[in-house]
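> According to my numbering, the first sequence is numbered sequentially starting from 1. Glycine included, C-beta positions come from ideal geometry on N, C-alpha and C. Since the structure is predicted, the reported quantities are computational estimates derived from the model, not experimental observations.
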Amino acid sequence: MPETEPKRNFITEIIDEHNQTDRFQGRVHTRFPPEPNGYLHIGHAKSICLNFGIAQQYGGLCNLRFDDTNPAKEEQEYIHAIINDVRWLGYDWGDRLFFASDYFDQLYDMAVELIRIGRAYVDQLSPDEIRAYRGTLTEPGIESPWRERPVEENLALFAKMRAGGFQEGEAVLRAKIDMSSGNINLRDPVMYRILATPHPRTGDAWRIYPMYDFAHGQSDSLEGITHSICTLEYEAHRPLYDWYLDNIEIYHPQQIEFARLNLSHTVLSKRKLIRLVQEGYVAGWDDPRMPTISGLRRRGYTPEAIREFCDEIGLGKVKGIVALHKLEYHIRHDLNKRANRVMAVLNPLRVVIENYPEDMTEELEAINNPEDASAGARKVPFGKVLYIEREDFMEAPPRKFFRLAPGREVRLRYAYFITCREVIKDAAGEVVELRCTYDPETRGGSAPDGRRPKATLHWVSAAHAIEAEARLYDTLFTVENPDADRDQDFTAFINPQSLQVVAAALVEPSLATAQPGDRFQFERLAYFVVDADSTSERLVFNRTVTLRDQWKKQQQKQPRRRKQRRSARSQSG
RNA sequence: AGCGAGGUAGCUCAAUUGGCAGAGCAGGUGCCUUUGGAGCACAAGGUUAAAGGUUCGAGUCCUUUCCUCGCUGCCA
C-alpha cells in the first residue's frame, strides 16, 4: 500500500498518548468484529478501513473476529460473505481469524469466577419482571429477590442452566453492580441467557450463551487487542466493558467510540437491508442498488474507490449524513484512470452517410484511455450506416445545443466530420433516420483546414455493433434520508425508477470478449461493468455511475436563471 | 426528567492543545478540450449554537442557557 500522509484524527491522538505513557508498550492491535447476521455494507467498510488502516499506520495488527454470541440470528452463509468482502476490500488478517464462540469455555470460567467473588447471581425473574425491576431513565431500579442468594446456590444453579435444567426465559446470570445507576447498562446486566437454538459453530454443545457485553471485552482481552474501536451507541456500554475486565482482573484494552457512517439516499441498518431483500424490493444482497459491499462490487465499484472514500470522510463523533455524490466522486476518480473507453449507444438513431461507398468498411484507430498511455489503442469499424445517440440530435436545437442538427456539422469520435442533410420521419412524425454526408478529408477527426466542430459524438457501425443489455441504476430512494419520516415507513420512499433496463443497446465489437467484472467507460455516458449475468451470447452491463453531465445541469439551471433575472428586474423597476 | 455524547462553511473534517479559523467535496464563474467528460484557474462561502467570565489574546479554559443524538433487549 502506498505510503501517504499519516492520517490524524481523535483516535490516533489517543494512540499517540498511549504510546507516550507506554500503556501498551507501543503495541497497536485492533480488530474488526462483525456479527454474522447479514451482509457487510459501506458503513462496515468505514470500520474495516479504520481498524485495518490504524493497525497498518502504526505497524500493528488487526484481527477479524466474528461476534457470534446469538445463534438465533446468525448463519454460516453470512460468515463466508463477510470473509469474502473484507478480503476483496484489500485487507489481510493473516492467521488471526477468530470467533467469540472460540472463547465459550473461558467465558464460562470467568462467569464462575464472578459468582465465586460474589459479583454475579442467577436470577429467576421472568423477562417481564426483569424489565419492570430495571426502573426507567429517571427512576432507579429495584433489586431482584434472588440477588443475595449464596454463592454455592448460584454456582449450582448456573451449572444447571448450562446442563439444560431450565427452559429459555426461566433463568439468567446477572452481574451484581448497581440497580440505581444512572447508566442503565450497569443495573445488574444479564451475562448469560438460555437459548435452545443450535449454534452454527458449536452446534448443541451449549444451551447458555454470553451476552455481547460479557463476551466482547474479554474476547478483546484474550486476543491482546489494544484499541477496541466501535460505534457511538456503545459509549454507554464502556463502563460495563471496563467493569467486567476489572472485576475478572485480566488484561484491559481501551474501548474507543466513533460516529457510524450514514449515507444519503440509502439505508444502512441490517434490519432495513434485510427487509429490502426479503420483501423483494431488490434482487438480493448483491443487487447493484444495495449499499452492501457485494452490491457495490457488482455495481462496478473498486476497493480502491471505497477505501479512498472512507479515508476522505474522516472520523469524528458527530453524527451526520455523508452525501452520496462523495462516494460517486471517488469511483469516477478511480475509474477515470483505469477504465478503458469504448463506444456504445443506448438509444440508437440511424444515420446513413450518403456519400460513403455502399460496401466499404474502414478500421479507425481509437485511444483506449487518454489518461493512461499504456492502455494502447484499438480499431473501430466504420461504415455507411451508423447509429448515434438519439439525444445527440435535435431538429430545432436551443441556443446552447452544440450537437447534431439539420445542416450542422459535428465530429464522430475518431472518425469523420458529418453534416446532417435530411431528417426522415415515420408516419407518426418521429425521427427515424438522418441522412448525412461526410468529409473524407477529416478522417481520424481533424480537418486539414483546421475547422473544429463544437461537438464530438460517439457512434457505432450498424453492420458491426453488438446488441447488449444495459442496466441503468439510480438511487434506491428518492429522498436524502428515508429514515427521517416518523410517520412513513422507509419503503414509502423507494425510487420506482431505480432500475431501468435497456434491452437493446448497441456496443462496439471490441466488447465481444468482455468478461464479467471488466469495467469500461462508455464515452460521454457513464462507467459500466460487465455483470455476472453476462454470457457470450448476451452481454449485460451495469451502469456504475454516470459521467458528470454539464449539459443536463445547464438545462436544469436555465429556467431558474431566467426567472431570477426577471424577478431581479421587476424588483429594481 | 436521569446518565452519556455532541454542536466549527451546504456536507465531511482540520486548526501544532490558549496565538492570523483552514482543506476536500458540493455549489458559482471562467479557461481549455477529438468525451459538453477529465483537467486547470479564480472567486465565494463563518458572529466557531448563544450569553457571560478568565486572559494581552478563547473555536480551545470556566459558568449558564439552547439545540441534536444515544440509552429503560434474556440483540449486537
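Which of the three DSSP states is assigned to Pro210 in this structure?
Translated into the one-based positions of the first sequence, residue 210 becomes position 210. Pro210: strand per DSSP, three-state reduction.
> Do Ala171 and the ligand NAP come close, with the Cβ less than 7 Å from some heavy atom?
Ligands in the displayed structure: none, and consequently the ligand NAP is not present.
> Scan the segment 425-504 and note each continuous beta strand (DSSP E) run of 3 residues or more that stays entirely inside, going in chain order.
Within the segment 425-504, the complete beta strand (DSSP E) runs of at least 3 residues are 431-438, 459-461, 466-473.
> In terms of alpha-carbon separation, which member of Thr491, Ile388, Gln497, Glu409 lies closest to Glu523?
Locating residue 523 in the first sequence gives position 523, where the first residue counts as 1. The option with the nearest alpha carbon to Glu523 is Ile388.
> Which partner residues does Glu362 have in the DSSP bridge list?
For this step, residue 362 is matched to residue 362 along the first sequence. Paired residue(s): Phe382.
> With contact counted as at least three CB pairs below 8 Å, one residue from each stretch, are the segment 200-220 and the segment 10-18 in contact?
No, the segment 200-220 does not touch the segment 10-18.
> Nearest-angstrom Cα distance between Val267 and Met394?
Position 267 of the first sequence, counted from the first residue, corresponds to residue 267. Position 394 of the first sequence, counted from the first residue, corresponds to residue 394. Whole-angstrom Cα-Cα distance: 40 Å.
> Consult DSSP for Tyr281 and reduce its assignment to one of helix, strand or coil.
Taking the first sequence and counting its residues from 1, one reaches residue 281 at position 281. Note: Tyr281 maps to coil in three-state DSSP.
> Starting from Arg238, follow the alpha helix (DSSP H) in both directions and report where the run begins and ends.
Mapped onto the first sequence, residue 238 falls at position 238. Arg238 -> alpha helix (DSSP H) spans 238-248.
> Taking the straight line between their C-alpha atoms, what separation do you get for Tyr58 and Asp68?
In the first sequence, counting from the first residue as 1, residue 58 sits at position 58. In the first sequence, counting from the first residue as 1, residue 68 sits at position 68. Between Tyr58 and Asp68, the C-alpha separation is close to 28 Å.
> Whole angstroms are fine: how far does the CA of His265 sit from the CA of Thr135?
In the first sequence, residue 135 corresponds to position 135, counting from 1. In the first sequence, residue 265 corresponds to position 265, counting from 1. The residue you asked about is not Thr; residue 135 is Gly in the sequence shown. One C-alpha to the other measures close to 38 Å.
> To the nearest whole angstrom, what separates the beta carbons of Gly53 and Val28, a pair I think is in contact under 8 Å?
Here residue 53 refers to the residue found at position 53 when the first sequence is read from its first residue. Here residue 28 refers to the residue found at position 28 when the first sequence is read from its first residue. The Cβ separation is near 11 Å, so there is no contact.
> Report the rounded CA-to-CA distance for Leu327 versus Ala305, giving the unit in angstroms.
Position 327 of the first sequence holds residue 327. Position 305 of the first sequence holds residue 305. Whole-angstrom Cα-Cα distance: 8 Å.
> For Ala163, collect the residues of the same chain with a Cβ closer than 8 Å to its Cβ; drop the 5 residues on either side in sequence, then sort them by chain order.
As a first step, residue 163 must be located in the first sequence, where it is residue number 163. Closer than 8 Å at the Cβ level, and outside the excluded window around Ala163, lie Arg207.
> At the level of alpha carbons, what is the spacing between Arg307 and Gly43?
Taking the first residue of the first sequence as position 1, residue 307 is located at position 307. Taking the first residue of the first sequence as position 1, residue 43 is located at position 43. C-alpha separation (whole angstroms): 12 Å.
> Can you give me the Cβ contacts of His464 inside the same chain, cut-off strictly under 8 Å, excluding the 5 residues immediately before and after it?
What you label residue 464 is simply residue 464 of the first sequence in a count that begins at 1. Cβ neighbours of His464 beyond the five flanking positions: Thr361, Pro381, Gly383, Glu508, Pro509.
> Just checking my contact of Asp603 with Arg298 at CB under 8 Å: how many whole Å lie between their CB atoms?
Outside the shown range of the chain (1 to 573) lies residue 603, about which nothing can therefore be said.
> Using the Cα positions of Pro2 and Gln56, report the straight-line distance between them to the nearest angstrom.
Taking the first residue of the first sequence as position 1, residue 2 is located at position 2. Taking the first residue of the first sequence as position 1, residue 56 is located at position 56. Because the pLDDT of Pro2 is 32, which lies under 50, any placement of that residue in the model is unreliable, and the question is left without a value.
> Runs of 3 residues minimum, wholly inside the segment 253-318: which ones carry the beta strand (DSSP E) assignment?
With a minimum length of 3 residues, the continuous beta strand (DSSP E) runs that stay inside the segment 253-318 are 254-258.
> My assumption, with CB atoms under 8 Å, is that Leu506 sits in contact with Pro348. Please give the rounded CB distance.
Position 506 of the first sequence, counting from 1, holds the residue named residue 506. Position 348 of the first sequence, counting from 1, holds the residue named residue 348. About 5 Å separates the two Cβ atoms, so the contact holds.
> What are the partner residues of Ser574, as DSSP defines its beta bridges?
No answer is possible for residue 574: the residues shown for the chain start at 1 and end at 573.
> Output the boundary residues of the beta strand (DSSP E) element that contains Met191.
Walking along the first sequence from the start, residue 191 turns up at place 191. 190-194 is the span of the beta strand (DSSP E), which, as asked, contains Met191.
> What are the partner residues of Asn63, as DSSP defines its beta bridges?
Your numbering for residue 63 matches position 63 in the first sequence. Beta-bridge pairing links Asn63 to Arg31.
> Can you tell which of Glu170, Ile130, Ala196, Val112 has its C-alpha closest to the C-alpha of Ala156?
Counting from 1 along the first sequence, the entry for residue 156 is found at position 156. When each option's Cα is compared against that of Ala156, the closest is Val112.
> From what residue to what residue does the alpha helix (DSSP H) around Glu223 run?
As a working note, residue 223 is residue 223 in the first sequence. Unbroken run through Glu223: none, as it is neither H nor E.
> Pick out whichever of Ile142, Thr197, Arg174, Val151 has its Cα sitting closest to the Cα of Ser181.
Taking the first sequence and counting its residues from 1, the one referred to as residue 181 is at position 181. Of the listed residues, the one whose Cα sits closest to Ser181 is Ile142.
> Sorted by chain position, which residues of the same chain lie with C-beta nearer than 6 Å to Ile250's C-beta, five sequence neighbours on each side aside?
Translated into the one-based positions of the first sequence, residue 250 becomes position 250. Closer than 6 Å at Cβ, skipping near neighbours: Ser221.
> Using only the alpha-carbon positions, how far apart do Tyr39 and Ser536 sit?
By one-based count along the first sequence, residue 39 stands at place 39. By one-based count along the first sequence, residue 536 stands at place 536. Each residue's alpha carbon lies about 30 Å from the other.
> Among residues of its own chain, excluding the 5 on either side of Ala447, which ones have a beta-carbon nearer than 8 Å to its beta-carbon?
Translated into positions along the first sequence, residue 447 becomes position 447. Here the set comprises Phe417, Asp439, Glu441.
> Roughly how many angstroms separate the alpha carbons of Gln167 and Arg174, rounded to a whole number?
By 1-based counting over the first sequence, the position of residue 167 is 167. By 1-based counting over the first sequence, the position of residue 174 is 174. Going from the Cα of Gln167 to the Cα of Arg174 covers about 17 Å.
> If contacts are defined as beta-carbon pairs under 8 Å, then Pro200 and Glu75 qualify, I think. What distance do you get, rounded to the angstrom?
Here residue 200 refers to the residue found at position 200 when the first sequence is read from its first residue. Here residue 75 refers to the residue found at position 75 when the first sequence is read from its first residue. That belief holds up - the Cβ atoms of Pro200 and Glu75 are roughly 6 Å apart, short of 8 Å.
> Apart from the five residues on each side of it in sequence, which residues of its chain come closer than 7 Å, Cβ to Cβ, to Arg443?
As a first step, residue 443 must be located in the first sequence, where it is residue number 443. Within the same chain, Arg443 has close Cβ partners Tyr416.
> Got a sec? Which residues, its chain only, sit under 6 Å from Phe10 by beta carbon, not counting five neighbours each side?
Counting from one through the first sequence, the residue named residue 10 turns up at place 10. None.
> Give me the Cα-Cα distance between Met179 and Asp102, rounded to the nearest whole angstrom.
On the first sequence, residue 179 is found 179 positions in, with the first residue counted as 1. On the first sequence, residue 102 is found 102 positions in, with the first residue counted as 1. Rounded to the nearest angstrom, the two C-alpha atoms are 32 Å apart.
> Is it buried or exposed, Ile286, if we count other Cβ atoms within 10 angstroms and call 16 or more buried?
By 1-based counting over the first sequence, the position of residue 286 is 286. The displayed chain sequence assigns Asp, not Ile, to residue 286. Result: buried.
> To the nearest angstrom, how far is it from the Cα of Ala100 to the Cα of Asn495?
If you number the first sequence from 1, residue 100 lands on position 100. If you number the first sequence from 1, residue 495 lands on position 495. Cα to Cα, Ala100 sits roughly 39 Å from Asn495.
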